[in-house]
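Asks: These protein sequence lines are chains E and H, in that order.
Each step along the first sequence adds one to the number in my numbering, with nothing skipped, and position 97 is 97.
Each step along the second sequence adds one to the number in my numbering, with nothing skipped, and position 44 is 44.
For every residue, glycine included, the Cβ atom is placed at its ideal position computed from N, Cα and C.
Take this structure, written in C-alpha cells, and hold onto it; I'll ask about it next.
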Amino acid sequence: AQSVTQLGSHVSVSEGALVLLRCNYSSSVPPYLFWYVQYPNQGLQLLLKYTTGATLVKGINGFEAEFKKSETSFHLTKPSAHMSDAAEYFCAVSDLGTGGFKTIFGAGTRLFVKA
Amino acid sequence: ETGVTQSPTHLIKTRGQQVTLRCSSQSGHNTVSWYQQALGQGPQFIFQYYREEENGRGNFPPRFSGLQFPNYSSELNVNALELDDSALYLCASSLRLAGGGTDTQYFGPGTRLTVL
Numbered sequence: 001a002q003s004v005t006q007l008g009s010h011v012s013v014s015e016g017a018l019v020l021l022r023c024n025y026s027s028s029v030p031p032y033l034f035w036y037v038q039y040p041n042q043g044l045q046l047l048l049k050y051t052t053g054a055t056l057v058k059g060i061n062g063f064e065a066e067f068k069k070s071e072t073s074f075h076l077t078k079p080s081a082h083m084s085d086a087a088e089y090f091c092a093v094s095d096l097g098t099g100g101f102k103t104i105f106g107a108g109t110r111l112f113v114k115a
Numbered sequence: 001e002t003g004v005t006q007s008p009t010h011l012i013k014t015r016g017q018q019v020t021l022r023c024s025s026q027s028g029h030n031t032v033s034w035y036q037q038a039l040g041q042g043p044q045f046i047f048q049y050y051r052e053e054e055n056g057r058g059n060f061p062p063r064f065s066g067l068q069f070p071n072y073s074s075e076l077n078v079n080a081l082e083l084d085d086s087a088l089y090l091c092a093s094s095l096r097l098a099g100g101g102t103d104t105q106y107f108g109p110g111t112r113l114t115v116l
C-alpha cells in the first residue's frame, strides 16, 4: 500500500539558509513522486515531479529533489531560502495499482522563513 | 490555455443535506481527480475519473460520488452531509499517459465547504 511520510510538520529557517524538507514513501510499484506548494487559501501548485530517468529533479523557484530508491526518499531542497518561500509543502506519490489510480499526499510541512 | 476552475468558492450546508461541487478541467486534459483537504491536513484522494468512468478511489464512503462529462468537466456529489465533511475540496485535472498513469495534476483553487 502507498504511504507518504513527511518528517517535521514545521520547519523554520533563516532567510538565505538551506531549506531541507524530508519525504519518505512506500509504493508497491515504481512511483511517480511530486512536491507541491500551497499558499494560504489557495490550491496546490506543482514544484517538481519525478517519473522516470534522472533522479535529481529541478523545479521552479530554485527547488530541487533527489529520488533515492534505496532509501525510499524524495527530499526537497533549496540552497537559499527567501521570505516568499514561506508556505505549506506537500509530498505526494502516485501509482497505478490493482485498485486503480491513486495519489497519496503527506500531511505537509509548513516552512517558516525568518528575516 | 485555461486553468482549472471550481465552483462555488464557498458553501455552507447543514447536516443531512446534499451538495454538488463543480470543476472545469484544464483544456486538453481528460482525467479529473477530487481531493478532500481538512484544516491542517494534506489532501485526501477521493476518486479519479477518466473517460466518464471511475478509475480509482480512496477510502471514502459511497455517499461521495462523482460524474465526468464528455467535455471532461466534473461534479462531486456528497449525500447525507456530516460535520466532518467540512473541508476544502480540490479538483485536479491531468492527461492520462499511455502506461495508465497520469501526467502532472493541475489543481483548482478549491471549494470551501462548511457543514453546520
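(1) Does the beta-carbon distance from Val78(H) to Asp84(H) come in below 9 Å?
(2) Could you please tell me which residues of the stretch 42-72 of chain H, in chain order, have their CB closer than 7 Å to any CB of chain E?
(3) Could you name each continuous beta strand (DSSP E) segment of 3 residues or more that falls completely within the stretch 54-95 of chain E, going from the start of the chain to the end?
(4) Tell me whether the stretch 14-21 of chain H and the stretch 23-40 of chain E touch, counting them as touching only if at least three CB pairs, one residue from each stretch, are closer than 8 Å.
(5) I need the DSSP call for Leu83(H), collapsed to helix, strand or coil.
(6) Of all the options Val115(H), Arg57(H), Pro109(H) and Gln68(H), which has the alpha carbon lying nearest to the alpha carbon of Lys102(E)?
(7) In this structure, does DSSP put His29(H) in helix, strand or coil?
(8) Just verifying my parser: in three-state terms, what is the DSSP assignment at Leu39(H)?
(9) What residues in the stretch 4-15 of chain E have a beta carbon less than 7 Å from any beta carbon of chain H?
(10) Pro43(H) and Phe63(E) - do their beta-carbons sit closer together than 9 Å?
(11) Give the range of the beta strand (DSSP E) segment to which Gly66(H) is assigned.
(12) Hey, how far is the Cα of Glu1(H) from the Cα of Glu71(E)?
(13) Any Cβ of chain H within less than 9 Å of the Cβ of Thr55(E)?
(14) Which residues, in order along the stretch 81-114 of chain H, keep a beta-carbon less than 9 Å from a beta-carbon of chain E?
(15) Less than 9 Å between CB atoms is the rule here; does Tyr50(E) satisfy it with respect to chain H?
(16) Considering only C-alpha positions, which residue in the set Val19(E), Lys78(E), Tyr36(E) and Asn24(E) is nearest to Leu47(E)?
(17) Whole angstroms is fine: what's the gap from Pro109(H)'s alpha carbon to Asn59(H)'s?
(18) Could you tell me whether the Cβ atoms of Tyr123(H) and Leu113(H) are closer together than 9 Å?
(19) From Gln42(E) to Phe107(H), what distance separates their C-alpha atoms?
(20) Return the first residue and the last residue of the beta strand (DSSP E) that Phe152(H) is part of.
(21) Comparing the C-beta of Ser27(H) with each C-beta of chain E, is any distance below 9 Å?
(22) Below 7 Å CB to CB, which residues in the same chain sit around Leu7(E) once its five sequence neighbours on both sides are set aside?
Replies: Taking the coordinates as given:
(1) no
(2) Gly42, Pro43, Phe45, Gln48, Asn55, Gly56, Arg57 and Gly58
(3) 56-58, 64-68 and 73-78
(4) no
(5) helix
(6) Arg57(H)
(7) coil
(8) coil
(9) none
(10) no
(11) Phe64 to Gln68
(12) At Glu1(H), the pLDDT of 48 sits below 50, so the modelled position is not reliable and the matter cannot be decided from this model.
(13) no
(14) Leu88, Leu90, Cys91, Ala92, Arg96, Leu97, Gly99, Gly100, Gly101, Thr102, Asp103, Thr104, Gln105, Tyr106, Phe107, Gly108, Pro109, Gly110 and Arg112
(15) no
(16) Tyr36(E)
(17) 23 Å
(18) The question about residue 123(H) has no answer, for chain H in this structure spans 1 to 116.
(19) 10 Å
(20) There is simply no residue 152(H) to check, as chain H begins at 1 and stops at 116 in what is shown.
(21) no
(22) Arg22
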